[in-house]
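These notes concern the structure reproduced below.
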Amino acid sequence: MNHLSTERLLKPKRKLWRTRFKMARNTLCFAPRISYDDVCQPAVSEEELQHWGECILLSDSTAVLHRDGTVTRRAHNITALYANESLAHWDEVYRFYDRQTALHKIQTAKVYLPDGSVRKAKKVVQPYGQTAVNFYPLRPGVTVELEEQQDYFIPNRIAACLWGQEYFQFSIPCRRLRYTVAVAEPFTLHYRLHLTDLEPQTWKHGSYQVYQWDLHDLPGYETDDGTPHPREVLPWVDLTTLASWEPINRFYLNDLEPPEKTPSQIQKLSTELIQEEQTEEEKIFTAYKYASEDVRYGRHPNELTLEKTREVGSMLEDMRGDCKDKSSLLVSLLRHLGIKSSIAILLTRMNGSAALLPGARFDHAIVSVTTSSGERLWLDPAGGPVTFKDIPFNDQGTQALLLNREGGELTTIPEGGPEKHQINRVCNGILADDCSYQFTSEVTTSGDTAMEFRLKYVNRNEDYTTLTLEKELASSWTGARIEAPRFLNLKEISEPVRYSCRTTLDQWARQIEEIILFRIPWIGSMQTAGLINVQKRNSALQTPSPIRFTDSHRIQIPSEFSGYGLPYEHHFECKWGRYQATVRVEDSLLICERQVDHLGGIVFQDEYPAFKEYWESCTRADALDIVLMKH
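For the sequence shown, the residue numbers in the UniProt record's numbering are 1 to 631.
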């Protein structure tokens, strides 16, 4: 945990005259223009274009923070196109800006045709600060160039500052990448390199300190559905001119923090919901259940762009709110009950898990509760019907900023591991003489799996739930007949979700004279399918999210048969998972137990053979036939 500094912000100096008259600033003094002729030779081969679909000849970006706290951003891009989807991306390019506070100029927009001719793109200035740039004609082999600059004439609303990031490798090849940042006195730039040690060139230009990365001939990075977020695998730089998170905390505190004086509607709601004799945990649960279940997620379209939390009266009238609204409501309720709580803002795990430098880069709000015993609970009232004290995996392991009037607190939300997301099944069945396997099962699910069941079924009637759950369960095994599927406690978010059913698998075993071959229908059975089938990878692989499958079968086998080669045990382990399965016979019962832990994480290219070997070993163990022989 890191309680944040409350150091004073640097104040911008007097306005630039170009700011006063809303004129474009000169950025070429920091990074002289690179022309098309500088990067067009040698020509990109058709073979390379066919492989990647496109190739970036130039990616040149400049960001300048001026002494008056305003920012200028310039971007110059030249790209050779080939694939249809790449061409479609450039058919029409839109740019938006607020004419009262900014100026946007398209400086160059051209199409270079394969025959050597050049066409200017058509610029259409539309009302309300919108510009459309039409590139024509486009066909495989053309090169497009777009050079633009945007000048802002007021500082960032949070503070006079600049923050951002830049990747030093893309999913397609780049012939030249230049990234320039210039910061005027009295501001100072802080940067952090990720997955690279490439330091910038630095120099002084008047009152500006300039930082520049200039790279050449960057290879493309192959991607597919299994590739992790770019921040996890590609080199990049994170930068900011904010020395601490205090301005961010102050800004969001102003927008999201509930009123210091508890609104009368919250007082009345608390009286209706909470019983005096309830324990502290019961009070927290009651408030969480209300904010999570009774208040539905979302906002009216005319409030989607509203950054502040909704007024309490409006929320309670239509019982509707987004993540910040629900979190603010829950915090207000808990504080009225004397329970310490605060709103936590974070960037969810789908955007990468790297810790970021100070900046307004958040997409979600949840609640942190500190009990009287000092235990910290994380609650996500907008994450869906999540079991009390659980939070979605998408929130776990991320950097969170807890908003408070003491300057805020920067911390990391704990990552629970597979034991927090479990599917536990207990089965009792009979292997019949006709080789069918009939069994009853009770399944207990927690974490994200429980949440997914509630999302699908909690508001559905019994007929729909039975029919749909039957289809879902039968899809795992060919020819399965599912009977009497039912949830035992679907609406109880205070505990894991449980369901039961009866399953019949006809001709599941095979009898060859006096031998029966039987395959155990494990839950969450592993298969070498899709991405894991390939022999090698050119990019990293995101493994399954943490989850634990626990499966137990007690199977009555035909009395004249006994196990052959039993007991046996399989145990495999690697940094991304653990697998253990045992099979034995006790008094004509086949006892089968298995536990699989997917630990999550990233498999880099050189690690892929080890992961593939582990996964294939688990798959073979899952598919192994149990041999039963007649006495």
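Ideal Cβ placement from N, Cα and C applies to all residues, glycine included.
Classification of residue i by the beta-carbon crowding that lies within 10 angstroms, buried from 16 upward
i           : result
LYS122      : exposed
PRO114      : exposed
GLY338      : exposed
GLN41       : exposed
PHE21       : exposed
LEU28       : exposed
ILE512      : exposed
ALA102      : buried
MET315      : buried
MET319      : exposed
GLN130      : exposed
residue 632 : Beyond the ends of the chain as shown, which are 1 and 631, falls residue 632; an answer cannot be given.
HIS66       : buried
LEU403      : buried
GLN527      : exposed
HIS631      : exposed
TYR152      : buried
GLU246      : buried
TYR128      : exposed
Which of helix, strand or coil DSSP assigns to residue i
i      : result
ILE532 : helix
THR271 : helix
ASN134 : strand
THR19  : helix
GLN595 : strand
ASP606 : helix
ASN77  : strand
GLY577 : strand
ASN26  : coil
TRP52  : helix
ASN254 : helix
MET629 : strand
GLY313 : helix
TYR221 : coil
THR6   : Confidence is the limiting factor: at THR6 the pLDDT is only 48, short of 50, which leaves the residue's position unreliable, though a coordinate-based value still follows. In this structure, THR6 counts as coil in the three-state DSSP scheme.
CYS40  : coil
Nearest to residue i (by Cα), restricted to the options the options
i      : options                           : result
PHE30  : HIS51, PRO114 and GLY206          : GLY206
HIS76  : THR70, ILE547, ASP98 and THR108   : THR108
VAL133 : GLU145, ARG139, PRO140 and TYR464 : GLU145
THR240 : LEU193, THR271 and ILE345         : LEU193
PRO258 : SER341, ARG20 and LEU177          : SER341
THR543 : ILE515, MET526, HIS598 and ALA432 : HIS598
GLU569 : ILE547, MET526 and ALA621         : ALA621
ILE555 : SER545, ALA63 and VAL583          : VAL583
ASP217 : GLY359, GLN278, CYS55 and LEU138  : CYS55
ARG175 : TRP236, ALA80, SER559 and ASN404  : ALA80
GLY141 : HIS300, GLU48 and GLN150          : GLU48
GLU199 : PRO235, TYR208 and THR503         : PRO235
LEU333 : THR271, ILE391, VAL210 and LYS105 : THR271
Residue i to residue j span [Cα, whole Å]
i           : j      : result
GLN399      : THR412 : 5 Å
GLY563      : MET629 : 6 Å
GLU452      : TRP522 : 21 Å
GLY479      : ASP506 : 7 Å
TYR614      : PHE572 : 7 Å
LEU624      : ARG519 : 6 Å
THR72       : ASP225 : 36 Å
LEU304      : ASN538 : 41 Å
ARG498      : LEU490 : 7 Å
THR19       : GLY321 : 39 Å
PHE135      : THR143 : 10 Å
VAL118      : GLU85  : 22 Å
ALA432      : LEU473 : 22 Å
GLU46       : PRO173 : 14 Å
TYR457      : LEU346 : 29 Å
GLU147      : ARG178 : 14 Å
residue 633 : SER525 : This structure leaves residue 633 out entirely; the chain is present only between 1 and 631.
MET1        : TRP52  : With a pLDDT of 41 at MET1, under the threshold of 50, the modelled position of this residue cannot be trusted; read the value that follows with caution. Roughly 44 Å separates the two Cα atoms.
Near the ligand ZN: residue i beta-carbon under 6 Å from a heavy atom
i      : result
ASN533 : As for the ligand ZN, it is missing from this structure, which has no ligand bound.
Contact with chain D by residue i, beta-carbon distance below 7 Å
i      : result
PRO263 : Given the protein chain composition of this structure (a single chain), no chain D is represented.
_Contact the stretch 225-245 vs the stretch 345-359: 3+ CB pairs below 8 Å_ = yes
*asked:* Can you confirm whether the stretch 87-99 touches the stretch 179-189 when touching is taken to mean that 3 or more C-beta pairs between the two stretches lie within less than 8 Å?
replied: Short answer: they don't touch.
*Pair every Cβ in the stretch 319-339 with every Cβ in the stretch 287-300, then say whether three or more of these pairs are closer than 8 Å.*
yes
*Decide if the stretch 247-254 is in contact with the stretch 155-174; the criterion is three or more beta carbon pairs, one per stretch, under 8 Å apart.*
yes
*Determine contact between the stretch 533-542 and the stretch 401-418, defined as no fewer than three beta-carbon pairs at a distance below 8 Å.*
no
*Quick check: the stretch 268-287 against the stretch 355-375, are there 3 or more CB pairs under 8 Å?*
yes
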